[in-house]
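Just so it is clear: in the sequence shown, position 135 is 144 by our numbering, and no numbers are missing.
Written out below as structure tokens is the structure these notes cover.
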Amino acid sequence: MSADQARATVQSLVDMAIGVMPHEYNGKKNWGKTKRIWSGVRIKRDGLRVTTNRRWREVRHGLQSHYQISFPGDATARPPVVATVRSVKHSPAIEAGSAGWTIECDLASPLDFTARIERWNLGARLYSVEVTGHMNIHMTMEGRLSSYPDYSVLPPAIVIDPTVTSATLHLDSLHVDRVSKIGGEVAETWGEIAEAIVKEVFLDDLNGKLHDKINKAIDKKRDRLRFSAGDWISGLTAK
Numbered sequence: 010m011s012a013d014q015a016r017a018t019v020q021s022l023v024d025m026a027i028g029v030m031p032h033e034y035n036g037k038k039n040w041g042k043t044k045r046i047w048s049g050v051r052i053k054r055d056g057l058r059v060t061t062n063r064r065w066r067e068v069r070h071g072l073q074s075h076y077q078i079s080f081p082g083d084a085t086a087r088p089p090v091v092a093t094v095r096s097v098k099h100s101p102a103i104e105a106g107s108a109g110w111t112i113e114c115d116l117a118s119p120l121d122f123t124a125r126i127e128r129w130n131l132g133a134r135l136y137s138v139e140v141t142g143h144m145n146i147h148m149t150m151e152g153r154l155s156s157y158p159d160y161s162v163l164p165p166a167i168v169i170d171p172t173v174t175s176a177t178l179h180l181d182s183l184h185v186d187r188v189s190k191i192g193g194e195v196a197e198t199w200g201e202i203a204e205a206i207v208k209e210v211f212l213d214d215l216n217g218k219l220h221d222k223i224n225k226a227i228d229k230k231r232d233r234l235r236f237s238a239g240d241w242i243s244g245l246t247a248k
């Protein structure tokens, strides 16, 4: 496989992945998280003997969020994601595997979001707001692409084996459209606070598990990454 063929293959795989992306994603960060606190002493008497035991209870504590991210527009339409393969470099074989290509690509997209944000302090809810808005994001992704023949069938099938090694989400812009039912100057102030919280929630939470999620999504679609030798060659020469 040449560098141009590898680039064309990656572009095709990315375009295919975009076409089957779910329209929305639901996530939680620290939602329902609790802290163990002391809640008094239990006293027991047995004749003249007195024993005491500390009592504890679990209470909600800290900043907690439950959010939904979705592509704008019709849920049945193709997601408005723009993908660009930036770099393709030859990669030597890893252990018993085959040689392949190291790939770098960028993806950009607008997104809508809704987030329920709550602040708890030792069981007391200080505030609970719902934030809606939209943002523009881009993702830088690095991975490895290799291919190998599957001799279990005749003629041998070509198996494409992509693996994402790193993926980082970057926030280009974010706008808060609405904060619960708050209005006026209070809404503007809350909008600024909410923007900072939403950035922290989305970037920290999603980036912490992004490349694992992408690899799991790839694993679910590996049956689509097998091609007959004839189809594979035709697909490459058509690029």
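Virtual Cβ for every residue (Gly too), placed ideally from N, Cα, C.
Exercise for the section: Tell me whether G82 is buried or exposed, calling it buried when 16 or more other Cβ atoms sit within 10 Å of its Cβ. Expected result: Taking every protein chain shown into account, the CB of G82 has fewer than 16 other CB atoms within 10 angstroms, so this residue is exposed.
Practice task
Could you check which residue in D115, I46, D159 has the C-alpha nearest to that of D24?
Solution key: Each of D115, I46, D159 was checked against the Cα of D24, and the nearest Cα belongs to D115.
Exercise for the section: Could you tell me which residues DSSP pairs with R87 in its beta bridges? Expected result: Beta-bridge pairing links R87 to no other residue.
Exercise for the section: Would you decide whether P31 is buried or exposed? Buried here means 16 or more other CB atoms lie within 10 Å of its CB. Expected result: In this structure P31 is exposed. Its beta-carbon is surrounded by fewer than 16 other beta-carbon atoms within 10 angstroms.
Handout entry: For K229, the three-state DSSP class (helix, strand or coil)
Key = Correct three-state label for K229: helix.
Handout entry: H75 vs K37 beta-carbon contact at 7 Å
Key = Against a cut-off of 7 Å, the Cβ pair of K37 and H75 comes out as a contact.
Practice task
Use the C-beta contact count for G152: other C-beta atoms within 10 angstroms, 16 or more gives buried, fewer gives exposed.
Solution key: Buried.
Problem - For V50, the residue or residues it bridges with in DSSP - result: V50 is bridged by DSSP to R63.
Practice task
Go to M25, then tell me how far its alpha helix (DSSP H) extends in each direction, as first and last residue.
Solution key: Start and end: 12 to 28.
Problem - Cα-Cα separation between R125 and M144, rounded to whole angstroms - result: Their Cα atoms are separated by approximately 17 Å.
Exercise for the section: Please confirm if the stretch 85 to 95 is in contact with the stretch 121 to 136, defined as three or more CB-CB distances below 8 Å between the two stretches. Expected result: Contact between the stretch 85 to 95 and the stretch 121 to 136 is absent, because fewer than three Cβ pairs lie under 8 Å.
Problem - Beta-carbon proximity check, Y19 vs I112, cutoff 7 Å - result: Correcting the residue type first, residue 19 is Val in the shown sequence and not Tyr. Taking 7 Å as the Cβ cut-off, V19 and I112 qualify as a contacting pair.
Handout entry: Test item: CB-CB of V140 and A203 under 7 Å
Key = Cβ distance < 7 Å, so V140 and A203 count as in contact.
Exercise for the section: Would you kindly report the start and end of the unbroken beta strand (DSSP E) that includes P171? Expected result: From DSSP, the beta strand (DSSP E) with P171 extends over 166 to 188.
Problem - Closest Cα partner of K42 within the set V91, I167, L72, K225 - result: Nearest C-alpha to K42: L72.
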